[in-house]
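Read the structure below first, then the notes.
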Amino acid sequence: MSYVRPKFRHPQLPKNKLGYTTREYEGSLSTLCAGCGHDSISTAIVQACFELSLEPHRVAKLSGIGCSSKTPAYFLGQSHGFNSVHGRMPSVATGAYLANRDLIYIGISGDGDTASIGMGQFVHAVRRNLNLVYIVMNNGCYGLTKGQDSATADVGSKSKAGSVNPFEAIDLAGMALELGATFVAQSFSGDKTQLVPLIKAALSHNGFALINVISPCVTFNNNPGSTKSYDFVREHMDATATMDFVPLQSVISAEYGEGTKTVVTMHDGSKLALNKLEAEWDPSDRVSAVRALYNARLEGEVLTGLLFVDSKSTELHDIMQTSKRPLNSLHQSELSPGNEKLQKINSVLR
Amino acid sequence: MVNDFVVRFANVNGTGSASANYLFAKSIFRMGIPVSPKNIFPSNIQGLPTWYEVRVSEKGYLGRREGIDIAVSVNPQSIVEDIKGIAPGGYFIYDSTKPLHEELFRADVTFLGIPMMETCNREFSDPRQRLLFKNVMYVGALSALIEIEYTVLEQLIGEQFKGKEKLIAPNLKALQLGIDYAREHFECPLPMRLERRDLVGNQIITTGNSACGLGAVYGGATVAAWYPITPSTSVAEAFDDYASELRIDSEGRKNFAIIQAEDELAAIGMVIGANWNGSRAFTATSGPGVSLMNEFLGLAYFAEIPAVLIDVQRVGPSTGMPTRTQQSDITLAAYASHGDTKHVLLFPSTPTECFEMTAKSFDLAEQLQTPVIIMSDLDLGMNDHMCDPFTWNDKYEYDRGKLLDADDLEKITRFGRYLDVDNDGIPYRTFPAVHPSKGAYVVRGTSRDEYATYTEDSPAYKRNMDRLVRKWNTAKTYVPKPEVYQKHSPARDAMLFFGTTTQSALEARDYLGSIDAMRLKSFPFCQEVADFIVKYDRVFVLEQNRDGQMRSLLITEFNADPKKFISVLNYDGLPITAAQIVDQISIHMTSGRKK
Ligand SMILES: Cc1ncc(C[n+]2csc(CCOP(=O)(O)OP(=O)(O)O)c2C)c(N)n1
Ligand code: SF4
Ligand SMILES: [Mg+2]
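Residue numbers (the working numbering), protein chains in the order written: chain A, 14 to 363; chain B, 6 to 600.
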């Protein structure tokens, strides 16, 4: 459990337009490891929804399977949630969105959940411009199954078992840009000042919004030299071969200015290089976003910020020309054509 | 031999024979004579042999019958087999543009050669028309030979080309070329011929897939997600076509959404997401798709989310044989997924039932909050079947099951998504956004208590699994009841069948001295099935798969003595015939008695 929520709340907690405090946007207590980056992202989601004065019950939160996918229980306790199956959140979210276009949908996934088992569904959700905020809590490993490499782990990094990952990492943001995603952003779980506005922007976007958030796994991401490494635990693991010791860690935060770079020291002392887009960055140019992302990668850096947004995006329902009203609100009289029409159909079949 | 024979057309796939063959079958239907056409086609778009078998039966036997009385051959590839397949005394109608090899002739078959290609090449200039009208020409020849009424054909051609009137004249010309040639060269009519009757009443003729698609429109489906696979594709297409006609709002927008998904996993995922969010949603697939959907079906079972899945069954893996018919997904569908799972299955046997069961399946899925799988098959789905007309009761209201709205939530102190309030195993559910502060929960497959709160408590898990058994028992009272065919004198033997085995089973029953029988319509088996089975020493279970899957299900669910159930099977990819049933049962009737 990462923190114990204080029972006492300051009576003057700020209120939003709806008269709600952040409390109305919180969920149940997290069961993730102390210091897990995923919890920071949950907190950022709470903050973003609070600041936007969203009605919590008008938000639906969906996820796949993984530590990351457990988080919907830890934010927006008054929203309906769906912890689905591994890698298949996009399809469940698609169905949900088709049923009711009027709600706000937040999809939570992990790097394993998205870049491996769920790759097929991820790319198709992008290409359909599903109106969904898609947050990847990217720790470069499979947290819940105890630390295997994920497809976003850097080439050359060492796995828990000591073998070197020989495979190229999948760059989710770059891929989304190629696929025609209408909103692509990257951030770091510990950078609230950047993450909260990005989530708010994504929530306001009319179409698919990807936020790939680097989120350290304090327990398993033990790949020395990688962008998400954590060595300390590994020594203890080697000794016992099981994960019976998880040290209590504190959350890593990194707040840095626009157009600047910062190097974050991870729990094990390894470094994560972040490069924040400058304030004048024009996010309407897909080609320069692809180029900047690629250049940063060559430098071994993670480029953060809103890389690209298409403000005139046409989302799925409008592409499909479905009713402006939520399909789940249609009455039987609008759905069943009735017996007279059926008898006409019969007569054609004689 | 009036109104009782089988005609088989041997065509090349992709040469436009389908509409000519359909014209032939439909004209017989229009003459008031029971008819049942069946496609036997390859997994191919152009070039391979394809057959169309039409059984004409005054008695109304609509199952497949072996023994071809008239073979029409426009495919040299399959000619040797086609001639071999003709019953003694039968006829072989072929394109005599090129002479037939001496050794192909059979003394017990009458060969009727028609220079179809030669005539069409002479009469039509467009190469496409030359090919297409060969087909219409043989229908013309047949109409002279077996006396199809000309006015019926003329009318059907007029209907077929409504809106494309300029195609009517060349079609009628091709028809006449066939008629004239047959009249000049052969003694018309043949002894095997048609006579107008009044035996089809107000019946319609259509495919099961089209009926399922229409049923989904009437049943209130607003979301459909699917991935192309023969023989289920035309379910989604029919839904799209009917809905595009019947479900457009005042702004010209669609009151439905249909998505061709990236695969079957996504298709069922979308269906689950939509149902969770309050839309009625369905998917249609075949065996390979059901295999892929297994994980999600388990989630829907455990998380108690309604879903409708139409499984149009076919033969096993690969391409080729799989586009033939079978009832071989029974155990796959009944117990699909990991953990302890069981699913509600419905077994339609006619397009009318495809329509009704699909429409009703949405009620059933929502009442029971679980997936409902409609077990159709290629024969039912893709072939035209004579059946009762569709009807709809305008007073009937959708039953959305146990749903709580905002007012209901106001009245209760604490909402428990998985609480068995009524002691029938069925809990109450809420849709997202139902209420600002009540009724929300996180859906999970397992690991939660009655209030949907996360827990890994073993007793909570067990309590839930036991409640699901209660729900399963309740389901037995919700599903459609079987149809019983009984004599009144006590009998020792009975037969049990379902789906497309029905037509042949009922025909076989006539030959077997009205053996008692039951047609299953659903799984779980209801009390009526149990009551029926205990009455007999032996129950013949008729099905179209190798392993007697329904038999296994009966033995498992009733914990019954396997010796009691005797399999009667066909699994060669063609619909089961009455003769196969009679042969297999007869063996037991003579030898099996003394035990
Ligand atoms: C079909 C299936 N295969 C495997 C698993 C086991 N599994 C659970 S979580 C997980 C990986 C999760 O990794 P990621 O999405 O990166 O989430 P994280 O735990 O790192 O946040 C796997 C493989 C599963 N639940 N379902
Ligand atoms: S294992 Fe890693 S990802 Fe999972 S909760 Fe712990 S720190 Fe987070
Ligand atoms: Mg991960």
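Glycine included, every Cβ here is placed at the ideal spot set by N, Cα and C.
Predicted model, so just to flag it, every value in this text is computed and none were measured.
The C-beta of lysine 526 (chain B) has 16 or more other C-beta atoms within 10 Å across all chains shown, which makes the residue buried. Setting aside the 5 residues that flank it on each side, alanine 565 (chain B) is surrounded in the same chain by Ile538 and Leu559, each with a C-beta closer than 8 Å to its C-beta; the list follows chain order.
The alpha helix (DSSP H) runs of length 4 or more contained entirely in the region 350 to 402 of chain B are, from start to end of the chain, 356 to 373 and 383 to 387. When the alpha-carbon of histidine 440 (chain B) is set against those of B:Asp427, B:Tyr456 and B:Asp413, the nearest one is in B:Asp413.
In terms of Cβ geometry, methionine 555 (chain B) and valine 544 (chain B) do not form a close pair [threshold 8 Å]. Between valine 77 (chain B) and tyrosine 143 (chain B), the gap from beta carbon to beta carbon is short of 8 Å. Boundaries of the beta strand (DSSP E) around phenylalanine 201 (chain A): 196 to 201. Annotation: threonine 335 (chain A) to alanine 262 (chain B) spans about 6 Å, alpha carbon to alpha carbon. At a threshold of 7 Å, tyrosine 459 (chain B) does not count as near ligand 1, since its beta carbon sits no closer than that to any of the ligand's heavy atoms. Among the CB atoms of chain A, one or more fall inside 8 Å of the CB of arginine 258 (chain B). Residues of the region 23 to 56 of chain B with a C-beta less than 7 Å from any C-beta of chain A: none at all.
Here the alpha carbons of isoleucine 571 (chain B) and lysine 540 (chain B) stand approximately 15 Å from one another. Short of 7 Å from the beta carbon of leucine 316 (chain A), and not among the five residues preceding or following it, lie these beta carbons of its own chain, in chain order: Gln199, Asn288, Leu290, Ala305, Leu306 and Ala309. When Cβ-Cβ separations below 8 Å define contact, aspartate 384 (chain B) makes no contact with chain A. A distance criterion of 7 Å places the beta-carbon of asparagine 151 (chain A) beyond contact range of ligand 2, judged by its closest non-hydrogen atom. Burial is judged here by how many other beta carbons sit within 10 angstroms of a residue's own beta carbon; arginine 202 (chain B) has fewer than 16 and is exposed.
Short of 7 Å from the beta carbon of lysine 31 (chain B), and not among the five residues preceding or following it, lie these beta carbons of its own chain, in chain order: Leu161 and Ile210. In the three-state reduction of the DSSP assignment, cysteine 193 (chain B) falls in the coil class. Not one beta carbon of chain A lies nearer than 8 Å to the beta carbon of glycine 421 (chain B). Excluding sequence positions up to five before and after methionine 275 (chain B), its CB lies within less than 8 Å of the CB of Val228, Ala230, Ile264, Ala266, Ala286 and Thr288, all in the same chain and listed in chain order. For the region 118 to 133 of chain A, the beta-carbon criterion of a distance under 7 Å to any beta-carbon of chain B is satisfied by Gly133. Not a single C-beta of chain B is nearer than 8 Å to the C-beta of isoleucine 54 (chain A). Excluding sequence positions up to five before and after threonine 346 (chain B), its CB lies within less than 8 Å of the CB of Leu302, Gly303, Tyr306, Phe307 and Tyr340, all in the same chain and listed in chain order.
Proximity of the region 417 to 424 of chain B to the region 452 to 472 of chain B meets the contact definition, three or more beta-carbon pairs being nearer than 8 Å. DSSP links serine 41 (chain A) through a beta bridge to no other residue.
If you keep only unbroken alpha helix (DSSP H) runs of at least 4 residues inside the region 103 to 146 of chain A, you get 124 to 128 and 132 to 140.
Residue environment: threonine 55 (chain B) is assigned as buried (16 or more neighbouring CB atoms within 10 Å of its CB, all protein chains considered). Only those residues of the region 310 to 344 of chain A whose C-beta falls short of 7 Å from the nearest C-beta of chain B are listed: Met333, Gln334, Thr335, Ser336, Lys337, Leu340, Asn341 and Leu343. Only buried fits glycine 160 (chain A), as 16 or more other CB atoms lie within 10 angstroms of its CB.
Contact check for asparagine 152 (chain A) against cysteine 230 (chain A) passes: the beta carbons are separated by less than 8 Å. Within the region 27 to 46 of chain A, no residue places its CB atom closer than 7 Å to a CB of chain B. With fewer than 16 other Cβ atoms from the protein chains shown falling within 10 Å of its own Cβ, arginine 127 (chain B) counts as exposed.
In this structure, histidine 70 (chain A) has its CB at a distance of at least 7 Å from all heavy atoms of ligand 2. Taking a cut-off of 8 Å for Cβ pairs, the region 340 to 348 of chain A and the region 188 to 204 of chain B do not touch, as fewer than three such pairs fall below it. Around the beta-carbon of leucine 311 (chain A), fewer than 16 other beta-carbon atoms lie within 10 Å, marking it exposed. DSSP places tyrosine 87 (chain A) in the helix class (H, G or I) of the three-state scheme.
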